[in-house]
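Each remark here refers to the structure printed beneath this line.
Protein chains in written order, with my numbering: chain A, 871 to 1182; chain B, 114 to 345.
Rendered as structure tokens:
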């Protein structure tokens, strides 16, 4: 497939060959989005983050939509959004409508996701949709962008939209399950993907193998990392997030830090633990792989971006 | 086999509490676990007990029908009882309930079961498993005989998704196999990973849309086609 133009700043930055960083914002059950906007502002201040992902009902929870916060982050903060959208809750008609609507609002990046199943969420009785799967969703968005039509080839008044498409990949898929993961990503890339943002990685060797495998697709990959703001998050992540295991040493250090009574000293210690773990990690990835950058999912932990990314 | 699960006895009682005389109809068809004469009898006894606790005297008779979904069999079996009873409680799947309401139209037939799925029983396993969802667009020829519609919680045509860990599915807490990993294993075994990597376009959901009317006897003629051609 011919390369799509870089419509977004994110894609433009990736194409310059710079090693770039994206962040993550998570609107939850919110009518008041000020905390999301505040996080975006903090992220913007660091000057290191090119764009911020805005999540769409992670873990299958009923949260405020991702489209409006994506728009507000761009409008109010001036930080480009990577608009996450799952196929869990919308059929192809709603997906089409939302994608074109998002384009009208000026959204330039869309991350196409399957979405955690409704059975995992906080409205477990909901009917899961999955009319399209994420690969078919990529085909739909590609048609809207490249041909200015819906899936049936029906034309959009005003023509093609300008957006770049991302997809996810899981670096925690280890052999023998690495092969189907890589084949699946290839299928998605073929359907029209501009960039990949991976699920979080904690094992440098596994991450390097995974990135090496993805090289053949010749598509920009942002490796996902998840700095751990406190022991509770680390523990939850280790226990409940599919396929992710937090290194025991890192968990142990965070657990020790948790016991410190002085909040300021405790935060400083936790920040240092994260810097000690992730800074060499990022340096190694930058030096030894063809990754286009890092997707740093430090939700509500923007204070780490400055010290962690000072050398990049 | 159509897999069913019995409704809560209180819910069944709630449906029939205004009747004094009911017919309870088992089905000897494909309903699993078996819902035949014995199960009909037990249900009758339970409803009678429940009625007694409320000071009511419920009369009932248990029968069974060879296949409730066959209109002729259902009609001839039920005919002698229709005048005598005020309502029917059927232990068949939904097909049987609708059919009895149709062939015994003077009285209402109530369901004692929830119809769960079309499924199979494997020896040594304590599950009925849904192998087919009768989706109307069979993909089994390109998925190594493993169904990604019935077997995948997200009905993915191009899986697996990010919810699989070491071959298990996020739905059910990683205790059930991911259909797409099973598909990959089968296709790899037969050196047909080309079928795995193949992109499957969005499904046409029309064949699976309700209400469904499927022609039984299609005309043995090409005259219609010739007419259509002529129109063009």
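The beta carbon of each residue, even a glycine, is placed where N, CA and C say it ideally should be.
Given the structure is predicted, the values throughout are model-derived calculations rather than measurements.
{"query": "What does a CB cutoff of less than 8 Å around residue 223 of chain B pick up in its chain, not counting 5 residues either side in sequence?", "result": "125, 128, 129, 200, 201, 202, 203, 210"}
{"query": "Do residue 979 of chain A and residue 950 of chain A have their beta-carbon atoms positioned less than 8 Å apart in this structure?", "result": "yes"}
{"query": "So which residues of chain B does residue 925 of chain A contact, with C-beta pairs closer than 8 Å?", "result": "Those within 8 Å of residue 925 of chain A in chain B number zero; the least Cβ separation is about 13 Å."}
{"query": "List, from N- to C-terminal side, the alpha helix (DSSP H) runs of 4 residues or more that fit wholly inside the segment 1142–1180 of chain A.", "result": "1175–1178"}
{"query": "Taking the alpha helix (DSSP H) that residue 964 of chain A falls in, what are its first and last residues?", "result": "962–974"}
{"query": "For residue 194 of chain B, does the three-state DSSP call read helix, strand or coil?", "result": "helix"}
{"query": "On the premise that residue 912 of chain A lies in contact with residue 1169 of chain A, defined as a C-beta separation below 8 Å, what is that separation, rounded to the nearest angstrom?", "result": "Incorrect: roughly 12 Å between the Cβ atoms, too far for contact."}
{"query": "If the criterion is Cβ atoms closer than 8 Å, does the pair residue 245 of chain B and residue 265 of chain B meet it?", "result": "no"}
{"query": "Mapping DSSP to helix, strand and coil, what is residue 174 of chain B?", "result": "strand"}
{"query": "Would you please state the rounded distance, in angstroms, between the beta carbons of residue 889 of chain A and residue 918 of chain A? I believe it to be under 8 Å.", "result": "The pair is not a contact, with the Cβ atoms about 11 Å apart (cut-off 8 Å)."}
{"query": "Distance, Cα to Cα, residue 959 of chain A vs residue 281 of chain B?", "result": "23 Å"}
{"query": "Could you check if residue 937 of chain A is buried or exposed, using at least 16 other CB atoms within 10 Å of its CB as the buried criterion?", "result": "buried"}
{"query": "How would you write the range of the beta strand (DSSP E) that residue 134 of chain B sits in, first residue to last?", "result": "134–140"}
{"query": "If residue 314 of chain B sits next to residue 1022 of chain A, beta carbons under 8 Å apart, how far is it from one beta carbon to the other, in whole angstroms?", "result": "Contact flag wrong, Cβ pair sits at about 12 Å."}
{"query": "Taking Cβ positions, are residue 309 of chain B and residue 296 of chain B nearer each other than 8 Å?", "result": "yes"}
{"query": "Would you give the residue range spanned by the alpha helix (DSSP H) that residue 941 of chain A belongs to?", "result": "937–942"}
{"query": "Since residue 955 of chain A is in the beta strand (DSSP E), which residue starts that stretch and which ends it?", "result": "950–956"}
{"query": "Taking Cβ positions only, does residue 283 of chain B come closer than 8 Å to chain A?", "result": "yes"}
{"query": "Give the range of the beta strand (DSSP E) segment to which residue 117 of chain B is assigned.", "result": "115–119"}
{"query": "If we ignore side chains and look at the alpha-carbon of each, how far apart do residue 1115 of chain A and residue 1078 of chain A end up?", "result": "17 Å"}
{"query": "Opposite residue 1094 of chain A in the DSSP bridges: which residues?", "result": "A:1070, A:1165"}
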